[in-house]
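Residue numbers for the sequence shown follow the working numbering, beginning at 1 and rising by one.
For every residue, glycine included, the Cβ atom is placed at its ideal position computed from N, Cα and C.
Just so we're clear, the structure is a prediction, and the values are computed from it rather than from any experiment.
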Amino acid sequence: MSFELIILISMLAVFALSVFVIKMPAGVSLIISAITGALLAGHGIPVRLLVEGGFGFLEAILIIATAMIFMKIMEASGALAQISFGIVKTFHKSPTLLLIVIVLFVMFPGMLTGLSSTCVLTTGMLVAPILLAIGMPKLATGSLIAMAAVFGEVAPPISIPVMIIGGGVDMPYIGFTVPLLLVTIPSALFTALYFRIRFVKPYNIEDVLQKLETLKTSGRRFKIFIPLIFVITYMVSEIVFHDYIPHLGVPLIFTIGSIIGIAISPQIKIITVSRNALRMAMPVIVILVGVGMFLQILTLTGVRGYLAVSALQLPDAIKYMAAGIMPFMGSAYASASVIGVPLVYVFIGKSALIVTASLVLMAALGDLMPPPSLLCAYAAQTVEEKNHFKILKQSIIPIIFSMIVGITVLIFAEELSIFFL
C-alpha cells in the first residue's frame, strides 16, 4: 500500500469519525482531517498553507455572503411574498403547471446563492402555505420543498459544489450552464409531476386565495422588484453582452442589488438583516474554508497526484459504485470535495463538464441524508412536523429518480457532450 493512499485513508477516517461519531460540524471536521494528513506526511502543522487553502474559495464565500444578504432584503421588502401570491393567481387553473412553477420558485434562491438551505428558509416558507391550502399533506409539502432545494443548489448560474470540485481539479467555472440544466431540469420536472399526480386533488381557488391572504403585503408597487430585475438582468447581460458592458462579478452585482433594495425600502434594518443572513450562511462558509484546507493538504502530500494516476486503473464497476455512495456523505460540500474531486480524475476520459454536473447532483442529495438531514430538518420545521425523517421517507422516490438521472448522465457523458456542448 502506497504512503499517499495511507494518508488519504487516514484523512477520510478522521473526517468520518469527526462527523458521524463525534458529531462535529463538517467544516471543522475537514480542517481536522487536513491537519491530520499534514502531520502524517511529516509536515507538522503548515499554518501558511492552511491559511492559503482556507482562502481558496474566497470568491464563493463572497458570493454566498452577498447573495444571502440580498435574498433577505428581497424577503423583507415583500417582493418574494408578492411573487408567491402571484403564482397562485396566475397558474391556479392548471395544477400541473402550478406545481412546476412552485418547484422552480423554490429553486430560485439556491440558483443565485448556491445554498440549498436558503431555498427552504425563504421561498420554501412562502410556498408551504400554498401547497397546504391546495390540499397537499404536510409531509408531501415538506418533501417537495426539500427536493426543490436540492435542485436549486445544483442549478446554474451559481453552483457552489461545482466550484468546489473545480477548485480541486483546477477547472474554471465556465461552460456549466447546459450540463447543470441537463441534470436538474428532468429531476425537478419529475418531482413536480410526482407530487402533482399523487397528492394534489381538485380544489376551490376562492377558498385557497382566502387562506393565502396573509401572503399579501402592503408594498404591492412595482419598484420593490427593481433590485431582483437588476440582478437577473445584469447577470444575463454579462454572459450575452460581455464585450459591451463592464464585468462587475457576482458579489458586486448582489451588493449593488442590496443597495438598491435598501434605497427603495428604507424601513428595512440593514444591520439586522445582514446579521441574520450571515448567521445562516456561516456553516457553509466554514465548510468552504475546510474544503480549501483539505484540498491544499492533498496537494502538499502528493495525494492529488496519486489519485489522478491511480484513477485511470480502476474497473468501471468500482467507478460507478463510488459515484453511487456520494449522496450518503451527509453533506453536498463534503461529498463534492472528498469524493467528487477524485472521481473527476476517475472519469477523465469523458466530458469533464458533464461528469462534474452529474457528480454534483449526486453530492447535493447528501443534504437530505442522515445523520444531519439538514434539508429535511428545515422542511420539517416549515410544515411543523416533529420527526424530520418522515420528510426523508416521503422523498425516497424523487431521490431514487434523481440518482438514476445522475448515474445515467455519468455513463453517457461523452455521448451527451456531442449534443449539448
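C-alpha distance - Val162 paired with Phe176, whole-angstrom precision: To locate residue 162, count along the sequence shown from 1; it is residue 162. To locate residue 176, count along the sequence shown from 1; it is residue 176. So the alpha carbons of these two residues sit roughly 8 Å apart.
Quick check on DSSP: helix, strand or coil for Gly219? Within the sequence shown, residue 219 is the residue found at index 219, counting from 1. With a pLDDT of only 49 at Gly219, under the threshold of 50, the placement of this residue in the model should not be trusted, and no figure is reported.
Let's see if you can read the secondary structure: which residues bound the alpha helix (DSSP H) around Leu77? Locating residue 77 in the sequence shown gives position 77, where the first residue counts as 1. Residue 77 is actually Ser in this sequence, not Leu. Here the alpha helix (DSSP H) through Ser77 covers 58-77.
Work out the CA separation of Met362 and Gly324 for me, nearest whole Å. What you label residue 324 is simply residue 324 of the sequence shown in a count that begins at 1. What you label residue 362 is simply residue 362 of the sequence shown in a count that begins at 1. Answer to the nearest angstrom: the Cα atoms are 7 Å apart.
Please determine, among Val346, Val231, Val19, the residue with the shortest C-alpha to C-alpha distance to Leu423. With the chain represented from 1 up to 421, any question about residue 423 goes unanswered, as that position is not in the structure.
With a threshold of 16 other CB atoms inside 10 Å of the CB of Tyr244, please say whether the residue is buried or exposed. Mapped onto the sequence shown, residue 244 falls at position 244. When all chains shown are included, Tyr244 counts as exposed.
With a threshold of 6 Å on Cβ separation, who are the neighbours of Gly290 within its own chain once the five nearest residues in sequence on each side are excluded? Position 290 of the sequence shown, counted from the first residue, corresponds to residue 290. Excluding residues within five positions, the ones whose Cβ falls inside 6 Å are Gly27, Leu30, Ile31.
Return the Cβ separation of Thr301 and Gly37 in integer angstroms, given the expectation that the two are a contact with Cβ distance under 8 Å. Residue 301 sits at position 301 when you count from the first residue of the sequence shown. Residue 37 sits at position 37 when you count from the first residue of the sequence shown. Rounded, the Cβ-Cβ distance is 6 Å, consistent with contact.
So, do the stretch 221-239 and the stretch 131-150 have three or more beta carbon pairs nearer to each other than 8 Å? no
CB Leu98 to CB Gln394, shorter than 8 Å? Position 98 of the sequence shown, counting from 1, holds the residue named residue 98. Position 394 of the sequence shown, counting from 1, holds the residue named residue 394. No, they are not a contact pair.
Sub-8 Å separation of Lys72 and Ala277 beta-carbons: Counting from one through the sequence shown, the residue named residue 72 turns up at place 72. Counting from one through the sequence shown, the residue named residue 277 turns up at place 277. Yes; because the gap between Cβ atoms is below 8 Å, this pair is in contact.
If you draw a straight line from the alpha carbon of Ala357 to that of Glu206, how long is it in whole angstroms? In the sequence shown, the residue the question calls residue 357 occupies position 357. In the sequence shown, the residue the question calls residue 206 occupies position 206. Ala357 and Glu206 have their C-alpha atoms spaced approximately 42 Å apart.
Rounded to the nearest angstrom, what separates Pro266 and Ala76 at their Cα positions? On the sequence shown, residue 266 is found 266 positions in, with the first residue counted as 1. On the sequence shown, residue 76 is found 76 positions in, with the first residue counted as 1. Those two C-alpha atoms are separated by around 11 Å.
Val169 and Val284: beta carbons closer than 8 Å? If you number the sequence shown from 1, residue 169 lands on position 169. If you number the sequence shown from 1, residue 284 lands on position 284. Cβ atoms of Val169 and Val284: not closer than 8 Å.
Ile224 (DSSP reduced to helix, strand or coil): Counting from one through the sequence shown, the residue named residue 224 turns up at place 224. Ile224 falls in the helix class under three-state DSSP.
Going by the beta-carbon positions, is the gap between Glu52 and Gly114 smaller than 8 Å? Working through the sequence shown from its first residue, we reach residue 52 at position 52. Working through the sequence shown from its first residue, we reach residue 114 at position 114. Going by C-beta atoms, Glu52 is not nearer than 8 Å to Gly114.
Hey, would you say Ile411 sits closer than 8 Å to Ala146, going by beta carbons? What you label residue 411 is simply residue 411 of the sequence shown in a count that begins at 1. What you label residue 146 is simply residue 146 of the sequence shown in a count that begins at 1. No.
Any non-hydrogen atom of the ligand PLP within 7 Å of Val127 CB: In the structure on display, the ligand PLP does not appear, and there are no ligands present to speak of.
Hey, quick one: how far does the alpha helix (DSSP H) through Leu298 stretch, first residue to last? Counting from 1 along the sequence shown, the entry for residue 298 is found at position 298. 270-300 is the extent of the alpha helix (DSSP H) around Leu298.
Kindly indicate which three-state DSSP category Gln82 falls into: helix, strand or coil? Residue mapping note: residue 82 aligns to position 82 of the sequence shown, counting from 1. Residue state, collapsed to three classes: helix.
Please report the straight-line C-alpha distance between Asp367 and Ser331, rounded to a whole angstrom. Here residue 367 refers to the residue found at position 367 of the sequence shown. Here residue 331 refers to the residue found at position 331 of the sequence shown. Roughly 5 Å separates the two Cα atoms.
Can you tell me the Cα-Cα spacing of Phe401 and Ser187, whole angstroms? Taking the sequence shown and counting its residues from 1, one reaches residue 401 at position 401. Taking the sequence shown and counting its residues from 1, one reaches residue 187 at position 187. Here the alpha carbon of Phe401 sits roughly 7 Å from the alpha carbon of Ser187.
With a cut-off of 8 Å, do at least 3 Cβ pairs link the stretch 332-351 to the stretch 373-387? Output reads no: the stretch 373-387 does not touch the stretch 332-351.
Going by C-alpha distance, which of Val178, Ile61, Val103, Ile262 is nearest Thr141? Taking the sequence shown and counting its residues from 1, the one referred to as residue 141 is at position 141. Ranking Val178, Ile61, Val103, Ile262 by Cα distance to Thr141 puts Val103 first.
Coarse secondary structure for Gly142, derived from DSSP in three states: Against the sequence shown, residue 142 aligns to sequence position 142. Three-state DSSP puts Gly142 in a helix.
Where does Glu385 sit, in a helix, a strand or coil, going by DSSP? As a first step, residue 385 must be located in the sequence shown, where it is residue number 385. Of the three classes helix, strand and coil, the one that applies to Glu385 here is coil, per DSSP.
Do Pro157 and Leu181 have their beta-carbon atoms positioned less than 8 Å apart in this structure? Residue numbering aside, residue 181 sits at position 181 when the sequence shown is read from its first letter. Residue numbering aside, residue 157 sits at position 157 when the sequence shown is read from its first letter. Their beta carbons are not under 8 Å apart, which means Leu181 does not touch Pro157 by this criterion.
The alpha helix (DSSP H) that contains Leu180, what's its start and end? The residue you call residue 180 lines up with position 180 of the sequence shown. Counting along the chain, the alpha helix (DSSP H) containing Leu180 begins and ends at 177-199.
Whole-angstrom Cβ separation of Leu112 and Ala67, contact assumed at under 8 Å? Translated into the one-based positions of the sequence shown, residue 112 becomes position 112. Translated into the one-based positions of the sequence shown, residue 67 becomes position 67. Yes, Leu112 and Ala67 are in contact; Cβ-Cβ is about 5 Å, under 8 Å.
Taking just the CA atoms, how far does Met326 sit from Leu5? Within the sequence shown, numbered from 1, the residue matching residue 5 stands at position 5. Within the sequence shown, numbered from 1, the residue matching residue 326 stands at position 326. Rounded to the nearest angstrom, the two C-alpha atoms are 20 Å apart.
Pop quiz: Ala336 and Ile63 are said to be a contact at Cβ under 8 Å. What is the actual Cβ separation, rounded to whole angstroms? To locate residue 336, count along the sequence shown from 1; it is residue 336. To locate residue 63, count along the sequence shown from 1; it is residue 63. Taking the Cβ atoms as the reference, Ala336 lies roughly 16 Å from Ile63, outside the contact range of under 8 Å.
Between Ala413 and Val355, how many whole angstroms is the CB-CB distance? I'm expecting something under 8 Å. For the purposes of this step, residue 413 is identified with residue 413 of the sequence shown, where counting begins at 1. For the purposes of this step, residue 355 is identified with residue 355 of the sequence shown, where counting begins at 1. Contact holds; Cβ gap of about 5 Å.
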